[in-house]
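Engineer: First to last, the protein sequences are chains A and B.
The numbering of the first sequence is our numbering, which starts it at 1405 and goes up by one.
The numbering of the second sequence is our numbering, which starts it at 1405 and goes up by one.
Every residue gets a Cβ at the ideal spot worked out from N, C-alpha and C, and that includes glycine.
Protein chains: 2
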Amino acid sequence: MLNDFPLTLKKLNLKITPKRLAILEILMKESVYLSPGEVWKKMKKRFKRIGLPTVYRNLEELSEGNIISEVTHPNRQLYYYFCQNRSHHHHFICLSCRKVEDINFCGLNELEKEVTKKIKGKLLSHIMQVNGFCRHCLNKKEKYFDS
Amino acid sequence: MLNDFPLTLKKLNLKITPKRLAILEILMKESVYLSPGEVWKKMKKRFKRIGLPTVYRNLEELSEGNIISEVTHPNRQLYYYFCQNRSHHHHFICLSCRKVEDINFCGLNELEKEVTKKIKGKLLSHIMQVNGFCRHCLNKKEKYFDS
DNA sequence: TAATTAAATAGAAATAATTTTCATTTAAAT
DNA sequence: ATTTAAATGAAAATTATTTCTATTTAATTA
Ligand SMILES: [Zn+2]
Ligand SMILES: [Zn+2]
Ligand SMILES: [Zn+2]
Ligand SMILES: [Zn+2]
């Protein structure tokens, strides 16, 4: 079940709390990557008591559980994105409007080979991300880079 | 000339200051990635007056000029590395001892194709990095993750 | 259903990396 | 030597992120 969030949380041994579900729902409905602070703002509309650390913690847990993905932004701030595509893949992110698109290319096999054969080390994780302007933003006069 | 730093700086329209040269020299002699604070500590041994912002600024400029490369660390702190290899390539970084090794694989062509053909956007930059344990650290009992 | 327990949370405070500001110094062009 | 724009130091500010701890809650058990 793609968006059976309670089941998803159960599988990760995370309790099914209204706030966890809301965070997931917020990210799922959003078509762009969001910062923890932005998720928090949206959460405050739904819950009268909601702490920013709760948002940070949940986003981190969900990211660790591979439910959401972390965006590696040039400004080095945290952003998260919920992607429906459950298979291993990477992203193009628009630096202007924050849209995310899937990149159907990953050199993981080649990287694995290099690391094991040549470097003789252990690959723990890899980052691949393409930053740019999406089709729409390419045609806009003013590029905006909001943090 | 590979390490003609004055020439390198001139090409980038950066003034040839003793501190710039020292920062480059420090990074070049180091076999691991360093944080700005760590570079600063080493600079303080050479200059009695040296500000941390100067180190930050210089590292950023040198990185922009592609003289040194920024490390995308999982802890999201800044680290820099001077790599002799002047051609476009990517890195394996050891999360334990901080060693950096070149990865002779890059999907840039494929990424370009995806971005222009499928996404119809503009590729501004891309990140590819492999994080892991190097051969040496794989055999150590204790992994250490110093910030 | 009530009791139990460990996980989750709020709120306040702390942390610490990074950036900004601005007065002074310096590299390099004239 | 003079000039000028770039580079720098020191102090202060910023601000994203994390830590701490008392309280609440989800989920398990009796
Ligand atoms: Zn866009
Ligand atoms: Zn995706
Ligand atoms: Zn190592
Ligand atoms: Zn390299």
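1) Can you find a CB in chain A that lies within less than 7 Å of the CB of B/Met1532?
2) Nearest by alpha-carbon distance to A/Ser1439: which of A/His1530, A/Arg1502 and A/Asn1535 is it?
3) On the DSSP bridge assignment, give the partners of A/Asn1417 in chain order.
4) Could you tell me if A/Gly1455 is buried or exposed, where buried requires 16 or more neighbouring beta carbons within 10 angstroms of its beta carbon?
5) Apply the 10 Å Cβ neighbour rule to A/Leu1413 and answer buried if 16 or more other Cβ atoms are within range, or exposed otherwise.
6) Answer with yes or no whether the minimum CB distance from B/Ile1497 to chain A is below 7 Å.
7) Closer than 9 Å between beta carbons: that is the criterion. Which residues of the region 1429-1456 of chain A meet it against chain B?
8) In the DSSP assignment, find the alpha helix (DSSP H) that holds A/Gly1441 and state where it starts and stops.
9) Looking at B/Asn1489 and ligand 4, is the gap between the Cβ and the nearest heavy atom below 6 Å?
10) If you reduce the DSSP assignment to three classes, tell me which class A/Glu1505 lands in.
11) Tell me where the beta strand (DSSP E) around A/Glu1429 begins and ends.
12) Any beta-carbon of chain B closer than 7 Å to the one on A/Thr1520?
13) For B/Asp1506, which of B/Lys1517, B/His1492 and B/Glu1514 has the nearest alpha-carbon?
14) Look at B/Tyr1485 and B/Val1459 and say whether their C-beta atoms are less than 7 Å apart.
15) Run the proximity test for A/Lys1544: is its beta-carbon closer than 6 Å to any non-hydrogen atom belonging to ligand 1?
16) Strictly below 7 Å CB to CB, what residues from chain A border B/Leu1515?
17) What are the complete beta strand (DSSP E) segments, minimum 3 residues, inside the region 1455-1538 of chain B?
Structural biologist: So, from the data block:
1) yes
2) A/Arg1502
3) Per DSSP, none; premise fails for A/Asn1417.
4) exposed
5) buried
6) no
7) none
8) Pro1440 to Arg1450
9) yes
10) A/Glu1505 falls in the strand class under three-state DSSP.
11) In the DSSP annotation of this structure, A/Glu1429 is not part of any beta strand (DSSP E); the continuous alpha helix (DSSP H) holding it starts and ends at Pro1422 to Lys1433.
12) no
13) B/His1492
14) Contact: no.
15) Incorrect: A/Lys1544 has no Cβ contact closer than 6 Å to ligand 1.
16) Ile1507, Phe1509 and Val1534
17) 1473-1476, 1482-1485, 1494-1498, 1504-1507 and 1526-1537
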